[in-house]
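Encoded as structure tokens, the structure appears first; notes follow it.
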Amino acid sequence: MFSARTRWLLVTGASLLAFANFLQGRMGLGAALAAAALVVLWGHWRYGSVFAAWQALLKEDRDKARRLLAGTPRPTFLARRHRAYFHWVQGLLLAHDRETGAAREHLEQALQGPLRSTSNEALLRAQLAELEIGAGRWSAAESHLRAAHGLRARPAVATIIDELVKELRERRSGGQE
Numbered sequence: 110m111f112s113a114r115t116r117w118l119l120v121t122g123a124s125l126l127a128f129a130n131f132l133q134g135r136m137g138l139g140a141a142l143a144a145a146a147l148v149v150l151w152g153h154w155r156y157g158s159v160f161a162a163w164q165a166l167l168k169e170d171r172d173k174a175r176r177l178l179a180g181t182p183r184p185t186f187l188a189r190r191h192r193a194y195f196h197w198v199q200g201l202l203l204a205h206d207r208e209t210g211a212a213r214e215h216l217e218q219a220l221q222g223p224l225r226s227t228s229n230e231a232l233l234r235a236q237l238a239e240l241e242i243g244a245g246r247w248s249a250a251e252s253h254l255r256a257a258h259g260l261r262a263r264p265a266v267a268t269i270i271d272e273l274v275k276e277l278r279e280r281r282s283g284g285q286e
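In this text, residue positions in the sequence shown follow the working numbering: the first is 110, and each later residue adds one.
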């Protein structure tokens, strides 16, 4: 959960210390430091700062979430779960900026990866439904809400889904298609 800058500082520091230890003949310590640098470097590519960005977004610190996501070198190299959350955070940031088309694409991509829980999947589907309701795409919203309703979700998420179902009915009956 380190930022990209912190990871690079750790990799550089461990590499320099490893090199110094190799020069002084302390092969064991040098190898351990080199291995530590490689593990941090591998983690940077496989995990990025996605969950730190997720935590920032939960605290409504969108600027920090954007900075942390920007430090992810190649989202395609992320582990599947981290890639899913990368797209989820990116989608929510884009939705906040009212870039609904791009937001929808990222949220749909997030559905492709494994999420931590069925409650998270239900919440993601509810967020997609909210975008679809805003765009007047009733059948797409209904599809997401039906799928979300069928998942085991925490009570707070179930309440959000029920509110969106109610909003969809009200908008539909009001002729706002």
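All C-beta atoms, glycine included, are put in the ideal place defined by N, C-alpha and C.
For clarity, every value in this text was computed on a predicted model and none was experimentally measured.
How would you call Gly157, buried or exposed, if buried means at least 16 neighbouring beta carbons within 10 angstroms? Residue 157 sits at position 48 when you count from the first residue of the sequence shown. Result: buried.
Endpoints, the alpha helix (DSSP H) within which Arg281 is located: For the purposes of this step, residue 281 is taken as residue 172 along the sequence shown, with counting starting at 1. Unbroken alpha helix (DSSP H) run through Arg281: 264 to 282.
Can you tell me the Cβ-Cβ gap for Leu254 and Gln236, rounded? I've got them flagged as a contact below 8 Å. One-based indexing of the sequence shown puts residue 254 at position 145. One-based indexing of the sequence shown puts residue 236 at position 127. For a cut-off of 8 Å, the C-beta gap from Leu254 to Gln236 is around 11 Å, too long to register as a contact.
Going by alpha carbons, who is nearest to Trp154 out of His191, His258, Leu220? For the purposes of this step, residue 154 is identified with residue 45 of the sequence shown, where counting begins at 1. Of His191, His258, Leu220, the residue nearest in Cα terms is His191.
Does the distance from the C-beta atom of Val149 to that of Ala123 stay below 8 Å? As a working note, residue 149 is residue 40 in the sequence shown. As a working note, residue 123 is residue 14 in the sequence shown. Yes, the pair counts as a contact, with Cβ atoms nearer than the cut-off.
Would you mind giving the Cβ-Cβ distance between Ala162 and Leu147, rounded to the nearest angstrom? I have them listed as a contact below 8 Å. One-based indexing of the sequence shown puts residue 162 at position 53. One-based indexing of the sequence shown puts residue 147 at position 38. Not quite, the Cβ-Cβ distance comes to about 24 Å (not below 8 Å), so this is no contact.
Assign Ala262 to one of two classes, buried (16 or more other C-beta atoms within 10 Å of its C-beta) or exposed (fewer than that). By one-based count along the sequence shown, residue 262 stands at place 153. That one is buried.
Among His205, Leu119, Gly152, which residue has its Cα nearest to the Cα of Arg175? Here residue 175 refers to the residue found at position 66 when the sequence shown is read from its first residue. It is His205.
What's the gap between the Cα of Met136 and the Cα of Ala129? Here residue 136 corresponds to residue number 27 of the sequence shown, with the count starting at 1. Here residue 129 corresponds to residue number 20 of the sequence shown, with the count starting at 1. So the alpha carbons of these two residues sit roughly 10 Å apart.
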